[in-house]
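Reading through the structure tokens given below for one structure.
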Amino acid sequence: MARPVSALSTREKSLTESLIRLSEINSGSLNSVGVNRVGALLSQWFCQSLNCQHQSIDLPPYTLFNTDGSRNMQPLGKLHLLRQRPEAPLQVLLTGHLDTVFPADSGFQRCQWLDKELLRGPGVCDMKGGLLVMLEALSAFEQSPLAQQIGWTVLLNPDEEIGSPGSASILANEAEKHDLGLIYEPALPNGQLAGERKGSGNFTAIIAGVAAHAGREHHLGRNAICAMAEYITALDQLNGQRDGVTINVGVVDGGVTTNQVPDQARCRFNIRTRIRADEQWCQQQLQIIGQRLNNKEGITLNLHGGFGRSPKLLDPAHLALFQLVTECSEELGVPLSWEPTGGCCDGNNLSAAGLPNVDTLGVLGGNIHSNREFIRLPSLVERARLSTLILLRLAEQPETWRRERMQ
């Protein structure tokens, strides 16, 4: 085993201390202050350990639609780029997100030991543990003379958990400059790698009706909530009509008081797709359903949003990279395989931009996106060893992994 890999065996205690520090800084996607604290701390650690170039980038605000259709512009945290050897023969893009799904007012803010190997806490698995794996692997890799064969960029974005709306263009731009990607989302619950991933679209539907007194002039009103109920029912009936396509209505609100016919209603929903052609089919169905609602007297529906992540399919370049990862895992005595998943991540974005990538190189744990989220702490070192070995194997034959790309 290469010396940089074996040297990682004593690092679990230090990594755990750093993980607790990171995880107890709230970095919900719309808590830009907390996201920036995490980004500043991690960037400091990267620069101190790796002596790399650092750039922070302001992103445009995130648009949320209120029930009345007005826009609520939410600031996002900064995106960070850290670079080393942009002139090297092989260029590798490593990505991870700073944000979590836990808002600033969440009741889940502190870490708690479950036993000597399991730690529960916000973002410990998804994906602050993965960010530390990335840093640790690069620090170990830089100790090898082979490091000169690889140039790398670390991209830390603040908005992955809401679909990377502000960072999508930067992800695509960086994908064009690199030969392959390594992403530090957590492993699947069984410890394996995610292979093919579904695509995703997020939508907000706003329905306007006509307000009226619920007793005196009920007949003059046009109930926006009832119209929304019809719309949601039609959305739900699309489930099962096309293989692999699912529609989930996640947020519904409307109205002001019970003695008024409500003239406002809003729903937010997500669509998952299996292949790119599913997007066109979904758009057609949404248009049909929307037109039916808009034909009702006094009812107006406006739909916002779209598909932000296309399905990730495994072409030969992806399969070759996955094969390398599994060979490295076998060498370390923890063999891995890959399997499809309905989840999506920035690996979808990079794949759509033509960059082959493996996107579950982070830690092992479970119950992510809940207040029971936990990490298996030995996986911090295990996954750092895996990524270090992957980088070393790439550096042994950089010309094998180069692809045609924009310079």
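Counting the sequence shown from 1 gives a position; the working numbering is that position plus 27.
We treat Cβ as the ideally placed atom computed from N, Cα and C, and that holds for glycine.
6 angstroms Cβ shell around L220 - same chain, five flanking residues per side excluded: In the sequence shown, counting from the first residue as 1, residue 220 sits at position 193. Once the five neighbours on either side are set aside, the close Cβ partners of L220 are L363, W365 and T387.
CB contact flag (A256, G236, <8 angstroms): Position 229 of the sequence shown, counting from 1, holds the residue named residue 256. Position 209 of the sequence shown, counting from 1, holds the residue named residue 236. With contacts defined as CB atoms closer than 8 angstroms, A256 and G236 fail to qualify as a contacting pair.
Which residues DSSP lists as bridging Y89, in chain order: Taking the sequence shown and counting its residues from 1, one reaches residue 89 at position 62. Y89 is bridged to Q101.
F230 in three-state terms, based on DSSP: For the purposes of this step, residue 230 is taken as residue 203 along the sequence shown, with counting starting at 1. Strand, per DSSP.
Segment limits, beta strand (DSSP E) that includes N329: Looking up residue 329 in the sequence shown gives position 302. T327 to R336 is the extent of the beta strand (DSSP E) around N329.
C-alpha distance - F168 paired with Q118, whole-angstrom precision: On the sequence shown, residue 168 is found 141 positions in, with the first residue counted as 1. On the sequence shown, residue 118 is found 91 positions in, with the first residue counted as 1. Going by C-alpha positions, F168 is about 14 angstroms away from Q118.
Cα-Cα separation, T427 to C74: Residue mapping note: residue 427 aligns to position 400 of the sequence shown, counting from 1. Residue mapping note: residue 74 aligns to position 47 of the sequence shown, counting from 1. So the alpha carbons of these two residues sit roughly 29 angstroms apart.
Boundaries of the alpha helix (DSSP H) in which Q350 is found, first to last residue: For the purposes of this step, residue 350 is identified with residue 323 of the sequence shown, where counting begins at 1. Run containing Q350: P343 to E358, per the alpha helix (DSSP H) assignment.
Close-in-space but distant-in-sequence residues of the same chain around L35 (CB under 6 angstroms, 5 per side omitted): Within the sequence shown, the letter at position 8 stands for residue 35. Residues A167, V408, A411 and R412 of the same chain have their beta carbon placed closer than 6 angstroms to that of L35, with the five preceding and five following residues left out of the count.
Contacting residues, own chain, Cβ-Cβ under 6 angstroms from T415 (five flanking each side not counted): Against the sequence shown, residue 415 aligns to sequence position 388. Result list for T415: P31, V32, A164, A167 and F168, in chain order.
Where the beta strand (DSSP E) through G248 begins and ends: Sequence index remark: in the sequence shown, residue 248 carries index 221 (1-based). Counting along the chain, G248 falls outside any beta strand (DSSP E), and DSSP gives it neither H nor E.
C-alpha distance - D153 paired with I302, whole-angstrom precision: Residue 153 sits at position 126 when you count from the first residue of the sequence shown. Residue 302 sits at position 275 when you count from the first residue of the sequence shown. The alpha-carbon separation between D153 and I302 amounts to approximately 26 angstroms.
Start and end residues, alpha helix (DSSP H) containing N375: By one-based count along the sequence shown, residue 375 stands at place 348. Unbroken alpha helix (DSSP H) run through N375: D373 to A379.
Option in L77, N394 and H331 with minimal Cα separation from Q435: The shown model of the chain, from 28 to 434, leaves out residue 435, and the question about it has no answer.
Residue nearest to Q424 in terms of C-alpha spacing, selected from R299, H107, L348 and L359: Looking up residue 424 in the sequence shown gives position 397. It is L348 whose Cα lies nearest to the Cα of Q424.
Close-in-space but distant-in-sequence residues of the same chain around N286 (CB under 6 angstroms, 5 per side omitted): The residue given as residue 286 occupies position 259 in the sequence shown. The residues are A241.
beta-carbon P185 near the ligand PLP non-hydrogen atom, thresh 7 angstroms: Judged by which ligands are present, the structure shown has none, so any question about the ligand PLP falls away.
Stretch-stretch touch, CB-based, cutoff 8 angstroms, three pairs: the stretch 193 to 201 with the stretch 337 to 344: In this structure the stretch 193 to 201 does not touch the stretch 337 to 344; the number of beta carbon pairs closer than 8 angstroms is below three.
Pairwise C-alpha distance: G157 and L146: In the sequence shown, counting from the first residue as 1, residue 146 sits at position 119. In the sequence shown, counting from the first residue as 1, residue 157 sits at position 130. L146 and G157 have their C-alpha atoms spaced approximately 14 angstroms apart.
Beta-carbon proximity list for N58, same chain, < 6 angstroms, skipping 5 on both sides: Taking the sequence shown and counting its residues from 1, the one referred to as residue 58 is at position 31. Excluding sequence neighbours, N58 sits near A131.
Where the beta strand (DSSP E) containing N184 begins and where it ends: As a working note, residue 184 is residue 157 in the sequence shown. Per DSSP, N184 belongs to the beta strand (DSSP E) from I177 to N184.
Between the CA atoms of R38 and L377 - distance to the nearest angstrom: Along the sequence shown, read from residue 1 onward, the residue named residue 377 stands at position 350. Along the sequence shown, read from residue 1 onward, the residue named residue 38 stands at position 11. When the Cα atoms are used, L377 and R38 turn out to be separated by approximately 31 angstroms.
Closest residue to N275 among G381, V385 and F230 (Cα-Cα distance): Numbered from its first residue, the sequence shown carries residue 275 at position 248. Ranking G381, V385 and F230 by Cα distance to N275 puts F230 first.
In DSSP terms, what L145 is bridged to: Within the sequence shown, numbered from 1, the residue matching residue 145 stands at position 118. Looking at the DSSP output, L145 sits in a beta bridge with R403.
Sub-8 angstroms separation of H245 and V283 beta-carbons: Along the sequence shown, read from residue 1 onward, the residue named residue 245 stands at position 218. Along the sequence shown, read from residue 1 onward, the residue named residue 283 stands at position 256. No, these two residues do not count as a Cβ contact at 8 angstroms.
C-alpha gap between V187 and H124, whole angstroms: The sequence position of residue 187 within the sequence shown is 160, counting from 1. The sequence position of residue 124 within the sequence shown is 97, counting from 1. A small correction: the amino acid at residue 187 is Glu; Val does not occupy that position in the sequence shown. Near 6 angstroms, if we compare the C-alpha coordinates of H124 and E187.
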